[in-house]
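Residue numbers (the numbering used here): 35 to 343.
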Ligand code: NAP
């Protein structure tokens with residue numbers, strides 16, 4: 035029986051692991067399919083305090099893991115298939131094996147949002163991608179026109195990164211100004227290789243018949259004009275959806291699937307806590323996720339002490 039099981043291994047999960055490990059609760063961290071979470075796909079993280087030169091996302095997560103393990107956190111590269119929160123201790127099925135836990139901290143983060151247009155799904159990994167740092171350097175994108183969709187920090191970061199490889203980077207955004215932070219927006223718009231296409235939506239990704247990306251269809255949302263733009267790659271960076279599917283019907287979420295804590299970081303199930311992007315559609319930063327992980331760990335520790343476990 036585990037005292038604390040942490041589901042997820044992003045900044046929230048590792049910080050919860052660090053704190054519960056230092057409380058000598060020997061937490062078990064179930065990393066999920068993407069150990070380290072979404073941050074491992076970011077190139078340089080410039081806004082995590084303590085790293086004046088910035089830090090590689092993968093390195094930051096590896097350091098967090100090492101720090102938690104140093105104090106006794108146990109790591110399992112498992113994926114949780116189902117949870118039974120109907121009574122404590124809780125039952126989890128992880129890669130077919132049963133895991134029993136006195137408390138659970140959910141830190142499953144969020145995944146990439148999809149556009150939902152024709153061609154997107156069919157051409158995924160064939161020119162359509164959700165991660166420039168993972169795929170941008172592929173030969174197929176070198177010296178080719180590329181498209182980035184979105185207007186937030188992620189889209190700006192992807193566009194800037196892709197200027198290293200593409201001949202030109204078209205930044206397609208549905209409004210006429212960027213949502214990104216001022217510094218990122220200014221950096222993006224000042225880059226001569228990035229060409230913004232305002233007030234526009236990608237309505238289709240071509241060409242499924244050729245089994246590769248050759249162009250996108252665009253619609254100007256103000257004029258209704260439809261055009262097509264040649265490109266070798268489409269990088270979609272339009273935000274995230276919480277990874278909370280397995281908790282549906284068991285944990286209270288909002289209409290978008292974000293978990294809604296009821297008391298501090300505790301969910302509607304006493305003994306089940308939540309931290310990070312799976313519960314946060316407002317701040318969504320590595321540092322706020324880490325802070326929430328710390329809070330969830332303290333709440334879980336107090337819960338166990340009160341329950342005399
Ligand atoms: P975001 O801030 O939610 O931005 C999503 C963008 O995609 C918005 O511009 C939105 O348009 C657009 N969009 C959403 N749904 C769309 C759709 N169906 N079709 C077309 N466009 C759509 O997401 P994010 O950029 O991933 O950033 C998430 C959080 O992480 C933010 O807090 C951000 O600051 C942070 N972040 C920070 C860094 C960094 O500092 N290095 C890097 C990446 C992310 P509208 O503007 O019209 O809503």
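Built from N, CA and C at the ideal position, the CB exists for glycine as well. It should be emphasised that the depicted structure is a prediction, and the values quoted were computed from it without experimental measurement.
Take residue 277 as the anchor and find which of 72, 301, 36, 214 has the nearest alpha-carbon.
Looking up residue 277 in the chain shown gives position 243. Among 72, 301, 36, 214, the Cα nearest to that of residue 277 is on 72.
Within the same chain, show all residues whose beta-carbon is closer than 6 Å to that of residue 112, passing over the 5 residues directly before and after it, in chain order.
If you number the chain shown from 1, residue 112 lands on position 78. These residues qualify, in order along the chain: 64, 128, 129.
So, for residue 251: in the same chain, excluding its five sequence neighbours on each side, which residues have a beta-carbon less than 6 Å away from its beta-carbon?
What you label residue 251 is simply residue 217 of the chain shown in a count that begins at 1. Excluding its 5 nearest sequence neighbours in each direction, residue 251 has C-beta neighbours in its own chain below 6 Å: 237, 238, 262, listed in chain order.
State the start and end residues of the unbroken beta strand (DSSP E) segment that holds residue 140.
Counting from one through the chain shown, the residue named residue 140 turns up at place 106. First-last of the beta strand (DSSP E) with residue 140: 131-140.
Is residue 254 near the ligand NAP, with its Cβ less than 6 Å from a heavy atom?
Within the chain shown, residue 254 is the residue found at index 220, counting from 1. Relative to the ligand NAP, the beta carbon of residue 254 is positioned no closer than 6 Å to any heavy atom.
For residue 155, count the other beta carbons within 10 Å of its own beta carbon; 16 or more makes it buried, fewer makes it exposed. Which is it?
Position 121 of the chain shown, counted from the first residue, corresponds to residue 155. Burial state of residue 155 is exposed, judged by a 10 Å Cβ sphere holding fewer than 16 other Cβ atoms.
Taking 6 Å as the line, does the beta carbon of residue 176 fall inside it for any heavy atom of the ligand NAP?
As a position in the chain shown, residue 176 is number 142, starting the count at 1. Residue 176 has its Cβ no nearer than 6 Å to any heavy atom of the ligand NAP.
Any heavy atom of the ligand NAP closer than 6 Å to the Cβ of residue 239?
Here residue 239 is taken as the residue at index 205 of the chain shown, counted from 1. Every heavy atom of the ligand NAP is 6 Å or more from the Cβ of residue 239, so no.
Between residue 225 and the rest of its own chain, which residues show a CB-CB distance below 7 Å, the 5 nearest in sequence each way excluded?
Counted from its first residue, the chain shown places residue 225 at position 191. So the qualifying residues of the chain are 194, 197.
When DSSP builds the beta bridges, which residues end up paired with residue 203?
By 1-based counting over the chain shown, the position of residue 203 is 169. BP columns for residue 203 point to 180, 228.
Under 8 Å: do the region 134-150 and the region 266-284 share three or more Cβ pairs, one atom per stretch?
With a cut-off of 8 Å, the region 266-284 and the region 134-150 count as touching, because enough Cβ pairs lie within range.
Range of the contiguous beta strand (DSSP E) that encloses residue 337:
Here residue 337 corresponds to residue number 303 of the chain shown, with the count starting at 1. Where residue 337 is concerned, there is no enclosing beta strand (DSSP E), although the alpha helix (DSSP H) it sits in stretches over 320-340.
Does any heavy atom of the ligand NAP sit closer than 6 Å to the C-beta of residue 187?
The count along the chain shown starts at 1 and reaches residue 187 at position 153. Yes, the ligand NAP has a heavy atom inside 6 Å of this Cβ.
Just to confirm the assignment: which complete alpha helix (DSSP H) runs, minimum length 4, are found wholly within the region 203-284?
Qualifying alpha helix (DSSP H) stretches, in chain order: 216-223.
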